[in-house]
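S.K.: Under numbering that gives the first Met the number 0, the first residue of the sequence shown is numbered 0, with each subsequent residue one higher. Where a beta carbon is used, it is the ideal one built from N, C-alpha and C, also for glycine. Once you've had a glance at the structure underneath, I'll fire off some questions.
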Amino acid sequence: MYFILTKDSFKDSPFLKFITVLLPYLHPPVLHLLLLHTNWRKTHKSKHTILYCLVNLLLLAFAVANILSIVALIVDKQKRTDDLLLHSIILPSFFIPPAYLLSTSCCLVPGQIGFTDTGINVIIDILILICPAISLVLVDEKSKYYPYSTAIPSILILVRLFREKCSPPKQSSPPIPTWRVAAFVFILVLAVLVYGLLGSGSIITLYDHFHPPKGADATSS
């Protein structure tokens, strides 16, 4: 929506601006909660109980971090209004890929945990992961192509969805190779870092909103 509509459209409609920012933030918590619901209903052996609970706890924590970010976004109206590009394109390019890859490219069932994609989908997954890093380099160099580079992960995700519709990917069968477990661990650690930063930033924003400095209160009064 940011690239399709003109800046005047957003100026004339605060609601349109809010929806443009909110929709990318809704995607990860929905994926995490659906994944948690699916994983919760799957059976597991008693020896895998600790791992099973840990995975579900992490999924719940990721969803909570995303929900906190939405609350912070709603509360912090000024920042949301000042930088539409940041909240509708740049930040989502970092926190959407881990959620998507965990839900489509990984098996979270204890005893079968691992990265499951094969063929061309592996290349697409790698591109989805490295595009945010490329975006960081471009923004550091103040490249004019930076806004477009941040949209690439979303395009690649659409390509994945189209491929899955046309030809469902083949899943690797047990035993799971070591590299697939390592790839899953990498994606999971990346998710922990991304949603940890997102959640802590949201908590700081909410704390600053509900506990403003005393000088700010005196100035406003």
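#1: Among I88, S199, L67 and H210, which residue has its Cα nearest to the Cα of I151?
#2: Return the CA-CA distance between I202 and I133, expressed in angstroms with no decimal places.
#3: Would you tell me roughly how many angstroms separate the C-alpha atoms of L21 and P28, rounded to the nearest one?
#4: Classify G200 as helix, strand or coil using the three-state DSSP reduction.
#5: Just to check my reading of the structure: K41 and V108 have Cβ atoms closer than 8 Å, yes? What is that Cβ distance to the nearest angstrom?
#6: Going by DSSP, which residues form a beta bridge with C105?
#7: How many Å lie between P96 and L197 at the Cα?
#8: So, does the CB of L59 fall closer than 7 Å to a CB anywhere in chain C?
#9: Measure the Cβ-Cβ separation of P131 and F183 and say whether it is below 7 Å.
#10: Tell me whether the beta-carbon of G113 lies closer than 7 Å to the beta-carbon of V158.
#11: T37: buried (16+ other C-beta within 10 angstroms of its C-beta) or exposed?
#12: Given a cut-off of 7 Å on the beta-carbon distance, is the pair Y206 and A64 in contact?
#13: Go ahead and pull the three-state DSSP assignment for P97.
#14: Closest to I155 by C-alpha separation, out of L128, C106 and G118, would be which residue?
#15: How would you write the range of the alpha helix (DSSP H) that I175 sits in, first residue to last?
#16: L100 and I186 - do their beta-carbons sit closer together than 7 Å?
#17: Count the other CB atoms, across all protein chains shown, that sit within 10 Å of the CB of L53; report buried if there are 16 or more and exposed otherwise.
#18: In whole angstroms, what separates the C-alpha of P212 from that of A60?
M.R.: Walking through what the data contain:
#1: Mapped onto the sequence shown, residue 151 falls at position 152. When only C-alpha atoms are compared, the closest one is I88.
#2: To locate residue 202, count along the sequence shown from 1; it is residue 203. To locate residue 133, count along the sequence shown from 1; it is residue 134. Cα-Cα distance, rounded: 28 Å.
#3: Position 22 of the sequence shown, counted from the first residue, corresponds to residue 21. Position 29 of the sequence shown, counted from the first residue, corresponds to residue 28. Going from the Cα of L21 to the Cα of P28 covers about 12 Å.
#4: For this step, residue 200 is matched to residue 201 along the sequence shown. Residue state, collapsed to three classes: helix.
#5: The count along the sequence shown starts at 1 and reaches residue 41 at position 42. The count along the sequence shown starts at 1 and reaches residue 108 at position 109. Rounded, the Cβ-Cβ distance is 5 Å, consistent with contact.
#6: Along the sequence shown, one-based indexing puts residue 105 at 106. F114, per the DSSP bridge assignment.
#7: By one-based count along the sequence shown, residue 96 stands at place 97. By one-based count along the sequence shown, residue 197 stands at place 198. Roughly 14 Å separates the two Cα atoms.
#8: Looking at the structure shown, chain C is missing, and only one protein chain is on hand.
#9: Start at 1 with the first residue of the sequence shown, and residue 131 comes out as number 132. Start at 1 with the first residue of the sequence shown, and residue 183 comes out as number 184. Not closer than 7 Å, so no.
#10: Numbered from its first residue, the sequence shown carries residue 113 at position 114. Numbered from its first residue, the sequence shown carries residue 158 at position 159. No, these two residues do not count as a Cβ contact at 7 Å.
#11: What you label residue 37 is simply residue 38 of the sequence shown in a count that begins at 1. Classification of T37: exposed, given that the 10 Å Cβ count is below 16.
#12: As a first step, residue 206 must be located in the sequence shown, where it is residue number 207. As a first step, residue 64 must be located in the sequence shown, where it is residue number 65. Cβ atoms of Y206 and A64: not closer than 7 Å.
#13: Mapped onto the sequence shown, residue 97 falls at position 98. DSSP places P97 in helix when its eight states are reduced to three.
#14: Start at 1 with the first residue of the sequence shown, and residue 155 comes out as number 156. Note on residue identity: the sequence assigns Leu, not Ile, to residue 155. The shortest C-alpha separation from L155 is found at L128.
#15: For the purposes of this step, residue 175 is identified with residue 176 of the sequence shown, where counting begins at 1. That residue, I175, is in no alpha helix (DSSP H); it is neither H nor E in DSSP.
#16: The sequence position of residue 186 within the sequence shown is 187, counting from 1. The sequence position of residue 100 within the sequence shown is 101, counting from 1. Yes, Cβ-Cβ distance for I186 and L100 is below 7 Å.
#17: Locating residue 53 in the sequence shown gives position 54, counting from the first residue. L53 comes out exposed.
#18: For the purposes of this step, residue 212 is taken as the residue at position 213 of the sequence shown. For the purposes of this step, residue 60 is taken as the residue at position 61 of the sequence shown. If you take the alpha carbons of P212 and A60, they lie about 29 Å apart.
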